[in-house]
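Counting in the working numbering, the sequence shown runs from 2 upward without gaps.
For each residue, glycine too, the CB sits at the ideal point set by N, CA and C.
These numbers were taken from a predicted model, which means no experiment stands behind them.
Single-structure report; data block below.
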Amino acid sequence: MSIFICIISAFFWAAFDLTRKLSLQKINSVNLLLIFTLAQTFIFGGWVFYENPFLNLKSYIFPGIILILISLFSALLFLKAIKQSDLSLTIPLLSLSPLFSSFFSFFFLNEKLSYFQYIGVFLIIFGTLVLYSRKITIGEILKSFKILVINNSARLMIVVSLIWSLTPVLDKLCLEHSSINIHGLIQSFGLVILLIFLLKKEKIEFFNLKKNWGLILITILTGIIATVLQFYSILLNYVPIMEAIKRSIGQLSSVFFGKLFFKEKITKPKLLGVLILSFGVFYIL
Numbered sequence: 002m003s004i005f006i007c008i009i010s011a012f013f014w015a016a017f018d019l020t021r022k023l024s025l026q027k028i029n030s031v032n033l034l035l036i037f038t039l040a041q042t043f044i045f046g047g048w049v050f051y052e053n054p055f056l057n058l059k060s061y062i063f064p065g066i067i068l069i070l071i072s073l074f075s076a077l078l079f080l081k082a083i084k085q086s087d088l089s090l091t092i093p094l095l096s097l098s099p100l101f102s103s104f105f106s107f108f109f110l111n112e113k114l115s116y117f118q119y120i121g122v123f124l125i126i127f128g129t130l131v132l133y134s135r136k137i138t139i140g141e142i143l144k145s146f147k148i149l150v151i152n153n154s155a156r157l158m159i160v161v162s163l164i165w166s167l168t169p170v171l172d173k174l175c176l177e178h179s180s181i182n183i184h185g186l187i188q189s190f191g192l193v194i195l196l197i198f199l200l201k202k203e204k205i206e207f208f209n210l211k212k213n214w215g216l217i218l219i220t221i222l223t224g225i226i227a228t229v230l231q232f233y234s235i236l237l238n239y240v241p242i243m244e245a246i247k248r249s250i251g252q253l254s255s256v257f258f259g260k261l262f263f264k265e266k267i268t269k270p271k272l273l274g275v276l277i278l279s280f281g282v283f284y285i286l
């Protein structure tokens, strides 16, 4: 059942990636984040009212504040990356997060992976290089290091992958000292405060919000369901395992959605890269 929850959560995250990219064609990233976090605040606030929360504030406050800050930073980078580049080239880079998660969870949560699972880590790195190669040759694959450094969206997504590999670890630390409902409320409310501060330099796009309310509503609901399911997944599974399932489904979905909704090209390196990444995830599992 714990793995099943991870799988369902992963499908919702894949759909959330799609709806966010579609929404970014209508409104800017700060507005989108503010709407989403406001909706989360109301949902988790209602949950706190309905079900008594648990919170050890002294133990929660440090990882909780760090989590709010890096969540905002990484979310803005993520939205910028998927807006600038193909969904099928940016989302698979998040498969690096199980690699980073394995290190963070080892140091902070004492969760250890086997040697067999570290083979999966190597495959994920190799698959990333294949994904960004122009041709399936050793020379072109090695040139991918340079492409990853030069490509702005790729750089942004690698940073996001690093940060997002840490956020589930911080989530799990926070959930050791709080219930899901109060944790969700604190995080979403903290983000709302920071986003309102950022919006002093932005305009709230009321016309675009009204015109595209259906898409934005779907995006909000999909994201909230994905977030809640991930909290349960974190409680029931090792963080790297949850991340591996999430990224495996996410990268395969990005190729499918990229072709279906944005007419992105499906190349041999892209297909092989995603396949190798998927095998890497399989080895980690």
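Which residue from the options puts its Cα closest to that of residue i?
{"i": "Pro-93", "options": "Lys-260, Lys-266, Ser-255", "result": "Ser-255"}
{"i": "Ala-16", "options": "Lys-271, Ile-219, Ile-242", "result": "Ile-219"}
{"i": "Leu-41", "options": "Leu-200, Asn-111, Met-158, Val-193", "result": "Looking at the sequence provided, one finds Gln at residue 41 rather than Leu. Among Leu-200, Asn-111, Met-158, Val-193, the Cα nearest to that of Gln-41 is on Val-193."}
{"i": "Leu-167", "options": "Ile-36, Asp-87, Pro-99, Leu-56", "result": "Pro-99"}
{"i": "Ser-249", "options": "Gly-65, Lys-147, Glu-52, Leu-124", "result": "Leu-124"}
{"i": "Ile-217", "options": "Phe-101, Phe-37, Gly-259", "result": "Phe-37"}
{"i": "Ile-8", "options": "Leu-186, Gln-118, Ala-227, Lys-260", "result": "Ala-227"}
{"i": "Arg-156", "options": "Gln-85, Ile-137, Leu-186", "result": "Gln-85"}
{"i": "Phe-146", "options": "Ser-179, Thr-129, Thr-223", "result": "Thr-129"}
{"i": "Tyr-233", "options": "Ile-187, Ile-69, Cys-175, Ser-30", "result": "Cys-175"}
{"i": "Leu-35", "options": "Asp-87, Asp-18, Ala-76", "result": "Ala-76"}
{"i": "Phe-5", "options": "Phe-283, Leu-237, Glu-265", "result": "Leu-237"}
{"i": "Ser-103", "options": "Ser-89, Pro-54, Leu-88, Tyr-119", "result": "Tyr-119"}
{"i": "Tyr-239", "options": "Pro-54, Phe-107, Thr-20, Ala-82", "result": "Phe-107"}
{"i": "Val-161", "options": "Leu-196, Gln-188, Phe-101, Gly-185", "result": "Phe-101"}
{"i": "Leu-261", "options": "Leu-276, Val-122, Leu-19, Asn-213", "result": "Leu-19"}
{"i": "Leu-186", "options": "Ile-225, Pro-169, Ser-30, Lys-211", "result": "Ile-225"}
{"i": "Asp-87", "options": "Leu-278, Ser-279, Lys-271", "result": "Lys-271"}
{"i": "Leu-196", "options": "Ala-11, Phe-63, Val-31, Leu-114", "result": "Val-31"}
{"i": "Val-229", "options": "Glu-265, Ile-183, Phe-263, Tyr-133", "result": "Ile-183"}
{"i": "Leu-39", "options": "Glu-112, Ile-221, Ser-179", "result": "Ile-221"}
Helix, strand or coil for residue i per DSSP?
{"i": "Leu-25", "result": "coil"}
{"i": "Leu-114", "result": "coil"}
{"i": "Ser-179", "result": "strand"}
{"i": "Ile-267", "result": "coil"}
{"i": "Arg-156", "result": "helix"}
{"i": "Asp-18", "result": "helix"}
{"i": "Asp-87", "result": "coil"}
{"i": "Ser-166", "result": "helix"}
{"i": "Ser-75", "result": "helix"}
{"i": "Tyr-61", "result": "helix"}
{"i": "Lys-136", "result": "coil"}
Taking all protein chains shown into account, decide if residue i is buried (16 or more other Cβ within 10 angstroms of its Cβ) or exposed.
{"i": "Glu-244", "result": "buried"}
{"i": "Gly-191", "result": "buried"}
{"i": "Phe-43", "result": "exposed"}
{"i": "Leu-252", "result": "The question names Leu, but residue 252 in the sequence shown is Gln. By the neighbour-count rule (16 or more Cβ atoms within 10 Å), Gln-252 is buried."}
{"i": "Gly-274", "result": "buried"}
{"i": "Val-150", "result": "exposed"}
{"i": "Ser-3", "result": "exposed"}
{"i": "Arg-135", "result": "exposed"}
{"i": "Gly-281", "result": "buried"}
{"i": "Tyr-51", "result": "exposed"}
{"i": "Thr-91", "result": "buried"}
{"i": "Trp-14", "result": "buried"}
{"i": "Lys-22", "result": "buried"}
{"i": "Gln-188", "result": "buried"}
{"i": "Ile-83", "result": "buried"}
{"i": "Leu-33", "result": "buried"}
{"i": "Phe-45", "result": "buried"}
{"i": "Ile-28", "result": "buried"}
{"i": "Ile-159", "result": "buried"}
{"i": "Phe-55", "result": "exposed"}
{"i": "Gly-247", "result": "Sequence inspection shows Lys at residue 247; the Gly mentioned does not correspond to that position. That one is buried."}
Provide the residue span of the alpha helix (DSSP H) that contains residue i, from first to last.
{"i": "Ile-151", "result": "139–151"}
{"i": "Ser-234", "result": "214–237"}
{"i": "Val-51", "result": "A small correction: the amino acid at residue 51 is Tyr; Val does not occupy that position in the sequence shown. Per DSSP, Tyr-51 belongs to the alpha helix (DSSP H) from 30–51."}
Quick one: what's residue i bridged to in DSSP?
{"i": "Leu-56", "result": "Ser-179"}
Cβ of residue i versus every heavy atom of the ligand ZN: is any distance shorter than 7 angstroms?
{"i": "Thr-38", "result": "By its list of ligands, the structure shown contains no ligand whatsoever, and the ligand ZN lies outside what it can speak to."}
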